[in-house]
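Participant: Provided herewith is a single structure, encoded as structure tokens, for subsequent inquiry.
Numbering (our numbering), first residue to last: 7 to 211.
Quick look at the structure:
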């Protein structure tokens, strides 16, 4: 009898271990531990509290943890966000304007930190968000009182981010879907450097 029980436990234990491994917190911890760089593409939908027609956009991204990222919007209007780990630039080609600032601790309290940051526990309160749409979700609430958003949810599958949902302080929700996510890609260092275009207005630090 005892041998039969042990045999059953031996057979089901691997499946129990896999189920535990698939939790949202386990998956995001594995992503942070295993993924140094990544690149891919995304689609984005911004839903306003007023119920206005959602705004759609898409583009590509690259990141090098900790702190470096390149977020490029291609459609419907071009915009480029770049961080070299110390300075953040936002470039609007249509306005020919660059907004820049020192990162300091600001990256750690931003949604970008969930992908490009280092120590998440110091900046966010993390908890499992359950399973939905075939993904395991993690809820991240910023510890900083002056954060520009209320909560971020990140959906994972196979230890990689598949979606993000960002709720800001104005009742606006941003939904991101990663249509391609390639971990540990070989990335050129120049991706995370930014040269101000000639004649562009520079606002910030």
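Quick reminder that beta carbons are idealized off the backbone N, C-alpha and C, glycines included.
Using the beta-carbon count (16 or more within 10 Å), is residue 158 buried or exposed?
Facilitator: Counting Cβ neighbours within 10 Å, residue 158 comes out buried, since at least 16 surround it.
Participant: I'd like to know whether the C-beta atoms of residue 65 and residue 37 end up nearer to each other than 8 angstroms.
Facilitator: No, these two residues do not count as a Cβ contact at 8 angstroms.
Participant: What do you get for residue 56, buried or exposed, if any count of 16 or more other CB atoms within 10 angstroms of its CB means buried?
Facilitator: Label assigned to residue 56: exposed.
Participant: In the DSSP assignment, find the beta strand (DSSP E) that holds residue 46 and state where it starts and stops.
Facilitator: Segment 43–53, the beta strand (DSSP E) holding residue 46.
Participant: Enumerate in chain order the residues of its own chain whose CB-to-CB distance from residue 60 is below 8 angstroms, with the five nearest sequence positions on each side excluded.
Facilitator: So the list reads 51, 52, 53 and 54, once near-sequence residues are dropped.
Participant: Just tell me which of 133, 164, 142 and 204 has its CA closest to the CA of residue 41.
Facilitator: Nearest of 133, 164, 142 and 204 to residue 41, Cα basis: 164.
Participant: Kindly indicate which three-state DSSP category residue 164 falls into: helix, strand or coil?
Facilitator: Residue state, collapsed to three classes: coil.
Participant: By the 10 Å Cβ neighbour count, where 16 or more other Cβ atoms means buried, how is residue 83 classified, buried or exposed?
Facilitator: That one is exposed.
Participant: Going by the DSSP bridge assignment, what does residue 96 pair with across the sheet?
Facilitator: Partner(s): 87 and 105.
Participant: Can you tell which of 209, 101 and 189 has the C-alpha that lies nearest to the C-alpha of residue 69?
Facilitator: That would be 189, whose Cα lies nearest to the Cα of residue 69.
Participant: In chain order, what residues of the same chain have a beta carbon less than 7 angstroms from the beta carbon of residue 93, not counting five sequence neighbours either side?
Facilitator: These residues qualify, in order along the chain: 106, 108 and 109.
Participant: Output the distance between the C-alpha atoms of residue 75 and residue 149, rounded to the nearest integer angstrom.
Facilitator: Roughly 22 angstroms between the two C-alpha positions.
Participant: Sorted by chain position, which residues of the same chain lie with C-beta nearer than 6 angstroms to residue 15's C-beta, five sequence neighbours on each side aside?
Facilitator: Bear in mind that a pLDDT of 29 at residue 15, under 50, signals an unreliable position, so the model cannot answer this.
Participant: Here's the rule I'm using: 16 or more other beta-carbon atoms within 10 Å means buried, otherwise exposed. How should residue 123 be labelled?
Facilitator: It is buried - the Cβ of residue 123 has at least 16 other Cβ atoms within 10 Å.
Participant: Taking C-alpha atoms, which residue in 97, 90, 88 and 58 lies nearest to residue 206?
Facilitator: Of the listed residues, the one whose Cα sits closest to residue 206 is 97.
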